Amino acid sequence: MISLTTGRPRRIAVLAAHCDDIAIGAGGSLLTLCRANPGVQVDALVLTGGGTPREDEELAALGAFCPGADLRVTVEKLPDGRLPAHWHEAKAAVEELRSRTDPELIFAPNTGDAHQDHRGLAELVPQVFRDHLALGYEIVKWDGDLGRPAVYQPLADEVAEAKVRLLHEHYPSQRDRPWYDREAFFGLARIRGIECKARYAEAFHVNKLVLDLAGG
């Protein structure tokens with residue numbers, strides 16, 4: 085395995101189509117990053133769920149997943165499952181996020197995601213954040229779209245445990261989903277850990293990455 089240290093980003097952005105996507109796809113990485121960087125600025129944008137109990141779940145969950153962070157969360161009211169038909173509103177929301185932050189790191193859906201809402205948002209991110217490092221997270225689900233990611237964040241055992249606990253604590257509306265359980269979350273984390281010689285990990289896709297080997 086080849087490791088490249090990114091340093092400690094002071095500004096990050098996290099984007100999702102639905103409440104709970106961020107926590108499922110990058111919750112362990114957020115815990116790791118925020119614990120190591122007190123005061124890091126985290127700007128979160130979720131396109132659906134605004135004005136519903138799901139927004140309340142998301143606000144509480146992201147507060148727990150981003151301990152000590154300067155957290156700012158926006159939950160929009162676009163219709164779940166219909167984001168491709170609301171492309172203009174979705175892009176405007178992403179552009180508004182860009183207008184108020186210049187993140188050093190972005191977590192967002194990946195373009196290979198089979199869910200139309202996730203995939204649509206993933207395609208918008210590089211259109212708006214054109215010069216930023218964006219890592220595309222993965223979400224296990226019925227569609228069977230898990231691929232071969234190229235980027236891994238190992239998770240300490242305690243972080244993996246905390247992620248699964250917080251997912252069940254903060255999203256009661258999702259507990260009846262057949263894929264929303266401890267075994268699924270730990271199973272994927274264990275597989276990704278095997279792939280990067282760790283016990284647990286989260287994995288990400290990257291579309292474009294520029295190296296600076298001289299450290300300038």
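Each residue of the sequence shown is one higher than the last, beginning at 85 in my numbering. We treat Cβ as the ideally placed atom computed from N, Cα and C, and that holds for glycine. Remember, predicted model here, so these are calculated numbers, not experimental data.
How big is the Cα-Cα spacing for residue i and residue j?
| i | j | result |
| --- | --- | --- |
| P357 | D260 | No answer is possible for residue 357: the residues shown for the chain start at 85 and end at 300. |
| K225 | T116 | 24 Å |
| L189 | A218 | 6 Å |
| A128 | C150 | 11 Å |
| G165 | G228 | 18 Å |
| L205 | A100 | 7 Å |
| S87 | S257 | 38 Å |
| S113 | G133 | 23 Å |
| D241 | Y284 | 7 Å |
| V98 | G91 | 18 Å |
| V212 | R266 | 35 Å |
| L131 | P163 | 8 Å |
Using three-state DSSP, classify residue i as helix, strand or coil.
| i | result |
| --- | --- |
| I96 | strand |
| D154 | strand |
| E222 | coil |
| P210 | helix |
| L189 | strand |
| G112 | helix |
| V294 | coil |
| S87 | coil |
| P168 | helix |
| H254 | helix |
Sort the options by Cα distance to residue i and report the nearest one.
| i | options | result |
| --- | --- | --- |
| Q125 | A144, E180 and D186 | D186 |
| D105 | V294, N194, G152 and R184 | N194 |
| L272 | K281, P262 and A287 | A287 |
| K247 | G147, L131, R214 and L155 | G147 |
| P93 | P122, P238 and H102 | P122 |
| H254 | A100, S87 and I108 | I108 |
| Y264 | D215, I278 and R249 | R249 |
| R232 | F270, C280, H289 and H102 | H289 |
| E180 | L239, T158 and G196 | T158 |
| H102 | R156, H199, R184 and L297 | H199 |
Using 10 angstroms around the beta-carbon of residue i, count the other beta-carbons present and answer buried if the total reaches 16, otherwise exposed.
| i | result |
| --- | --- |
| R276 | buried |
| I223 | buried |
| E160 | buried |
| V294 | exposed |
| H172 | exposed |
| D197 | buried |
| Q237 | buried |
| I96 | buried |
| A145 | buried |
| R203 | buried |
So who's on the other strand from residue i, going by DSSP bridges?
| i | result |
| --- | --- |
| V159 | V130 |
| P238 | A285 |
| R125 | Sequence check: residue 125 is Gln here, not Arg. According to DSSP, which records beta bridges pairwise, Q125 is partnered with R95 and D154. |
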